[in-house]
Amino acid sequence: METQTSILARDIILLSIILDWSEDIGIQERVELFLEIYGNICVREKTEKFIKDRAYDLIRTITDSDETKSKLSKIIDVSNLKFRERDDLEFVFKFWRSPKNNYEIVKYWDYRLRSYYKRRFDYIENVCDWDYQMKLKPRAEMINLKEFTKWRKTGQAFEVRETLYDRPNRVTATAEGMKEDGLTVSKWGYFSDIVVGPFIAFGCDSENKEYLKTQNDFHIKVNN
Numbered sequence: 743m744e745t746q747t748s749i750l751a752r753d754i755i756l757l758s759i760i761l762d763w764s765e766d767i768g769i770q771e772r773v774e775l776f777l778e779i780y781g782n783i784c785v786r787e788k789t790e791k792f793i794k795d796r797a798y799d800l801i802r803t804i805t806d807s808d809e810t811k812s813k814l815s816k817i818i819d820v821s822n823l824k825f826r827e828r829d830d831l832e833f834v835f836k837f838w839r840s841p842k843n844n845y846e847i848v849k850y851w852d853y854r855l856r857s858y859y860k861r862r863f864d865y866i867e868n869v870c871d872w873d874y875q876m877k878l879k880p881r882a883e884m885i886n887l888k889e890f891t892k893w894r895k896t897g898q899a900f901e902v903r904e905t906l907y908d909r910p911n912r913v914t915a916t917a918e919g920m921k922e923d924g925l926t927v928s929k930w931g932y933f934s935d936i937v938v939g940p941f942i943a944f945g946c947d948s949e950n951k952e953y954l955k956t957q958n959d960f961h962i963k964v965n966n
């Protein structure tokens with residue numbers, strides 16, 4: 743399976759949150775759901791259930807011969823995908839639903855951090871501060887150092903509710919070819935970003951310039 747298939751599947755579920763209005767989900771909850779799946783390695787129990795349910799709908803969309811039966815068929819057109827590509831997408835969506843395949847994302851995140859920082863691991867906060875001040879802030883000063891550092895350490899970018907975020911976000915998983923007994927086999931894991939962060943893609947610029955105004959290094963306007 744191509745690594746890009748996992749990325750495509752991720753894009754599809756995120757787009758479906760924005761475009762599918764068949765469910766009674768308010769705008770605020772919809773935005774929070776999008777950010778949670780997009781920017782966190784762990785999600786709420788409620789969000790985990792949404793991912794599994796949505797994965798079922800997406801499987802129907804790409805496998806049902808009569809695609810019009812799927813409620814997502816109006817916003818997702820898979821007619822140009824090859825059968826192999828559809829099979830690969832189905833493989834990803836089934837992994838999102840599977841209770842058998844463990845996805846120990848916290849363990850994977852820690853391993854990636856230790857591999858990346860090596861001897862600097864015990865000084866992560868200092869490294870984050872330097873990266874932020876020298877690389878990120880000049881390009882996107884809207885991003886907060888405290889939130890950026892928290893994400894670099896924990897993989898959690900958007901925890902908007904005071905509740906447990908203790909379920910693995912399987913949408914972050916990708917399958918890579920790994921050597922095992924001389925053979926290359928696909929292994930699920932986390933092989934994505936641990937440095938830049940998800941913040942820079944959204945909210946760093948706005949047509950409403952009131953959101954960009956600061957006073958004493960704090961942004962004056964943060965919501966409506």
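Each residue of the sequence shown is one higher than the one before, counting from 743 in our numbering. We treat Cβ as the ideally placed atom computed from N, Cα and C, and that holds for glycine.
Q. Comparing alpha-carbon positions, which option in Glu765, Trp872 and Asp852 lies nearest Phe863?
A. Asp852
Q: Give the straight-line distance between the Cα atoms of Thr803 and Lys955, rounded to the nearest whole angstrom.
A: 44 Å
(Q) Just to confirm before moving on: does the CB-CB distance between Arg786 and Ile755 stay below 7 Å? (A) no
**Q.** Cβ distance (whole Å) where Phe835 is taken to contact Leu800 below 8 Å
**A.** 5 Å
**Q.** Which residues DSSP lists as bridging Gly931, in chain order
**A.** Thr916
Q: With DSSP collapsed to three states, give me the class of Val773.
A: helix
Q: Go through its chain and collect everything with a Cβ distance to Leu761's Cβ below 8 Å, but skip five positions before and after it.
A: Ile817
Q) With Ala917 and Ser934 assumed to form a contact (beta carbons below 8 Å), what rounded beta-carbon distance in angstroms separates them? A) In fact, because the Cβ distance is near 12 Å, the residues do not count as touching under 8 Å.
Q) By how many angstroms is the C-alpha of Val773 removed from the C-alpha of Gly945? A) 13 Å
Q: Kindly indicate the opening and closing residues of the alpha helix (DSSP H) around Arg862.
A: Unbroken run through Arg862: none, as it is neither H nor E.
Q) Leaving out five residues before and five after Leu887 in sequence, what residues of the same chain have Cβ atoms less than 6 Å from its Cβ? A) Tyr874
Q. Less than 7 Å separating the beta-carbons of Ile783 and Asn911?
A. yes
(Q) Taking 8 Å as the limit between beta carbons, can you name the residues of its chain near Phe776, skipping five residues before and five after? (A) Leu756, Ile759 and Ile760
Q. Can you name the start and end residues of the alpha helix (DSSP H) that Trp893 belongs to?
A. Leu887 to Thr896
Q: From the DSSP output, read off the bridge partner residues of Val785.
A: Arg909
Q.
In this structure, how does DSSP classify Phe960 when only helix, strand and coil are distinguished?
A. strand
**Q.** Completely contained alpha helix (DSSP H) runs for the region 819 to 853, where each covers 4 or more residues
**A.** 825 to 839
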